[in-house]
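Peer 1: For the record, in the sequence shown the residue sitting at position 47 is 49 according to the working numbering, with numbers rising by one throughout.
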Amino acid sequence: MIGRFLPVIIFVALGLLLAAGLRIADHKSEIPSPLIGKPLPPFELPVLGQPERVLTNEDLVGQPFLLNVWASWCPTCRIEHPFIADLAESGELRVIGFNYKDELNDAQAWLARFGDPYDITLQDYSGRYAIDLGVYAAPESFLVDADGTIIFKQIGAVTPEIIEQEILPRIRK
């Protein structure tokens, strides 16, 4: 008797798991970060396409910035890119690119095709610094104040609503 209904039971169970997963995915940007309120972890990373030019976190201190983690292989990064470009163009906030686990040629071609809104782009080919930041996947963005403290983390795409409701109010204080 149970054998007859087993496929239906499995189908319903899988449907419930899928629904629960989608609900969690809808709220993925709400995952708290243990780095909020802490200094940006120290780094030494090359500038994309300029391996001889290495920057540290100290080079970025002095004014607030958004550190935007992206990659050419990331479809969601393409979706958020126009919003990142608009934010950079507004001049209200420096936007620093953080190219994550990408091939140099792919990253450069992606920026050439879709535009380069970043003041500068750091390259983390190995993904080691991304581990220090607690990056799950691209895109993710970190709002860093003038002192180098992380004050907000966005997991997933930055949208106009997130810019207006979460990012800009934190730097306008």
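We put the CB at the ideal spot given by N, CA and C, even for glycine.
Nearest by alpha-carbon distance to residue 174: which of 95, 133, 127, 40 is it?
Peer 2: 95
Peer 1: Would you call the stretch 126 to 141 in contact with the stretch 64 to 80, where contact means no fewer than 3 C-beta pairs closer than 8 Å?
Peer 2: yes
Peer 1: Tell me, which residues are paired with residue 101 by DSSP?
Peer 2: 72, 125
Peer 1: In chain order, what residues of the same chain have a beta carbon less than 7 Å from the beta carbon of residue 42, not counting five sequence neighbours either side?
Peer 2: 59, 146, 150, 152
Peer 1: Please name the residue in 117, 119, 84, 102 whose C-alpha comes closest to that of residue 48.
Peer 2: Among 117, 119, 84, 102, the Cα nearest to that of residue 48 is on 102.
Peer 1: Let me check one thing: in DSSP terms, what residues is residue 154 bridge-paired to?
Peer 2: 145
Peer 1: Excluding the 5 residues flanking residue 121 on each side, which residues of the same chain have their C-beta closer than 7 Å to its C-beta?
Peer 2: 96, 97, 98
Peer 1: For residue 24, is the classification buried or exposed, using 16 other Cβ atoms within 10 angstroms of its Cβ as the cut-off for buried?
Peer 2: Confidence at residue 24 is low in this model, with a pLDDT of 44, below 50, so the placement of that residue should be treated as unreliable; the coordinate-derived value is given next. It is exposed - the Cβ of residue 24 has fewer than 16 other Cβ atoms within 10 Å.
Peer 1: Whose C-alpha, out of 162, 169, 62, 172, is nearest the C-alpha of residue 82?
Peer 2: With distances taken between CA atoms, residue 82 lies nearest to 162 out of 162, 169, 62, 172.
Peer 1: Identify the continuous beta strand (DSSP E) that holds residue 52 and give its terminal residues.
Peer 2: 52 to 58
Peer 1: Run the CB neighbour count on residue 219, radius 10 Å, all protein chains shown included, and call it buried at 16 or more, exposed below.
Peer 2: There is simply no residue 219 to check, as the chain begins at 3 and stops at 175 in what is shown.
Peer 1: Can you tell me where the alpha helix (DSSP H) holding residue 46 begins and where it ends?
Peer 2: Segment 46 to 49 is the beta strand (DSSP E) holding residue 46; no alpha helix (DSSP H) there.
Peer 1: Who pairs with residue 96 in a beta bridge, going by DSSP?
Peer 2: Residue 96 pairs with 67.
Peer 1: Is residue 41 helix, strand or coil by DSSP?
Peer 2: For residue 41, the three-state secondary structure derived from DSSP is strand.
Peer 1: Just to confirm the assignment, what range does the alpha helix (DSSP H) spanning residue 110 have?
Peer 2: Start and end: 106 to 116.
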